[in-house]
Each structure stands twice: as C-alpha cells, then as structure tokens.
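For reference, the structure is listed below as structure tokens.
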Amino acid sequence: MFWVKKIVSQLFMPIPLTILLMLLAVALWRFSSLKLKSLAWLCFCGGMILLGGLSQTSISYFLADSLESRYPINSQPFTAHSACWVMVLGSGHTDKADLTAVQQLSSVALGRLMEGIRQLSLGKDCQLVVSGWNGGFMQSAHANVMKQAAIELGINPNKITTFPDAKDTIEEAMFLYPLVGQQPFRLVTSATHMPRSMMIFNSLGMQAEAAPGNFIANKGLWWRLDADNLLNSQKSIHEYLGMLWIQIKGVSADQMVNQVVMPKADINE
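In the numbering used here, the protein residues as written are 2 to 270.
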C-alpha cells in the first residue's frame, strides 16, 4: 500500500500529468474522428496550461501560502514544568561518502534540522528526535544521517533519539507516541507539510506544537515562469492530495496501530 500510494500520487504531479496529457493527445490525434482530434487538442492545451500555470509566480505563491499561513513561526519558550521534546520529520539525503553528514542532507532536510536546533534553544535539557528510513535502497537511514549532522552542528549525541524505520508521517507519529504520550512537544517540518502533519499527530490525541520551517511561498514577479515556481506548486499539490486522502480514508489511532509494527527506537536520555 505504501508504494501504491506513492506511485498513484506521482501521477497527479504537474510534470507526470502533463506528459500523460501530451501522450494522450498524440495517441488521439492519430484517429480520423473529428471528436477524437478535438479531444486531442484539449489534452494538448490542458497540458500546456497546467505546466505554464503552475510555473507562474502568483499561482505558485497562492498554493504554497494557503498552506504555510496556517501555522506561524514558533519562538515560544518551553514551559518550565513540561518535558522538552523536539520532533524533526524526515526528508531526504544523498549517499555520497566524501561529504559530511550536513552536506549529505537535502536543502529541505537541512532547513528542518536547523529549525529543530533553534527549537532546542528555547528549552532546557531538550531531547531531539529525528526520523526517516533508507528508502529501501540507500546505505544509511535518513534518521542516522540527520543525527550525525546534528552532532556536527554541536548537539550532544546523548540528547538525540532516532527512528530509522519510519517511512512516512503516519509512522513517525506512531513511533513518537510511546515516548511523549499526550504531553506537549514541538513538531518541526516544512511549512507546507505542517497542516497535514498536524492532522496526523492530532488524530492520536498528541499535543503537537507546530514549529514550521522551510517557508517557500514567494510573491516575486507575477509574470515570471520558472522551475522553482513549478517545484513549489508540486510540493503544495502533494500536500493537498495527502490531506484529501486522509479526509477520505480517515486516519485514526486504531488504524495506525494496526498498520504499523513498532520498531525499537535508539533513545539517548
């Protein structure tokens, strides 16, 4: 189900969907029927409008900002009587052996980690939690690379907990629950990903305090068409589809317990 969900969601991303529309247009154009040729023309125009529109600054900004504006930057100190947990959701990295752990992290992962480290400074004796598996093909689990990067940035290794088997946000929520239960903790992820993450964590009754990073909404020049806008639109669409899937399918604590086999976390306290 995990891979099916990933593959199906990719079909709705701008570039794959545009390619499918173009291929469909070529296939339909080969027929002599005027109706099919008209449909081919509609597919071709639809693909061009889709690709161009999502590459446009204003549309890209609207899609991203409508997600990012839901949770503001969190600079509130941890309360003195509460445990200090900072959960940084996983992203991606490269396996290049000649790079440091910090350099191996993707820009998104590094941005999330830096925000997580900033959150640590808002409390006393805080525990950093990082997560992410190896994708099924990489040498190192993402959580382990994140941990090493945090150490390189000055974080005490004894204050880092890893979840190297967590494949997605649902599993990250399930793995964290035994550690924090219903006590407040800081949840760090990209600002566009935060609304969906909060939906998932709140479904367990967890007291997640949003601490978004990696804000990508940028007004810029309205007439500009570029790959950065397209990428930002794609990230936003991915999140909208994810939230729609949760609303249709429903994600409850019981469902997550049945879907996830809890691994043993690497905990340092």
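Each residue gets a CB set at the ideal place from its N, CA and C atoms; glycine is no exception.
Query	Result
With DSSP as the reference, label Gly54 as helix, strand or coil.	helix
Take the Cβ of Arg187 as the centre, count every other Cβ of all protein chains shown within 10 Å, and call the residue buried at 16 or more, exposed below.	buried
Can you tell me where the alpha helix (DSSP H) holding Met175 begins and where it ends?	Thr170 to Val181
Distance, Cα to Cα, Met207 vs Ala26?	48 angstroms
So within the stretch 63-147, which uninterrupted alpha helix (DSSP H) runs reach at least 4 residues, ignoring any that extend past its ends?	102-105 and 108-121
Bridge partners for Ser191 per DSSP, in chain order?	Gly214
Thinking C-alpha only, which one of Met88, Val89 and Val103 is nearest Thr95?	Val103
Using only CA atoms, which one of Asp66, Lys168 and Arg31 lies nearest to Gly137?	Lys168
Looking at Gly221: is its Cβ nearer than 9 angstroms to the Cβ of Asn230?	yes
What is the DSSP secondary structure of Lys265, reduced to helix, strand or coil?	In this prediction, Lys265 has a pLDDT of 48, which is less than 50 and means its spatial position is unreliable; nothing more can be read from the coordinates.
Sorted by chain position, which residues of the same chain lie with C-beta nearer than 6 angstroms to Pro196's C-beta, five sequence neighbours on each side aside?	Leu68 and Arg71
According to DSSP, is Phe164 helix, strand or coil?	strand
With the cut-off set at 9 angstroms, would you say Pro78 and Gly124 are in Cβ contact?	yes
Please confirm if the stretch 127-141 is in contact with the stretch 156-173, defined as three or more CB-CB distances below 8 angstroms between the two stretches.	yes
Grouping DSSP H, G and I as helix and E and B as strand, with all else coil, what is Phe202?	helix
Locate the alpha helix (DSSP H) running through Pro185, then write down its first and last residues.	Per DSSP, Pro185 belongs to no alpha helix (DSSP H) and is neither H nor E.
Are the stretch 213-220 and the stretch 108-115 touching, with three or more C-beta to C-beta distances below 8 angstroms?	yes
Contact defined as beta carbons within less than 8 angstroms: I believe Gln183 pairs with Ala84. What is the distance between those atoms, to the nearest angstrom?	That belief does not hold up - the Cβ atoms of Gln183 and Ala84 are roughly 11 angstroms apart, past 8 angstroms.
Mind checking Thr193: buried by the 16 CB within 10 Å criterion, or exposed?	buried
Which residues in the same chain as Cys44 place their Cβ atom closer than 8 angstroms to its Cβ, once the five residues preceding and following it in sequence are excluded?	Leu22, Met23, Leu25, Ala26 and Leu29
Here's a check: name, in chain order, each residue in its chain whose Cβ is nearer than 7 angstroms to the Cβ of Leu177, leaving out the five neighbours to either side.	Met88 and Val130
Since Asp166 and Ser56 are thought to touch, with beta carbons under 8 angstroms apart, how far apart are those beta carbons, to the nearest angstrom?	With 8 angstroms as the limit, Asp166 and Ser56 do not qualify as a contact, their Cβ atoms being about 37 angstroms apart.
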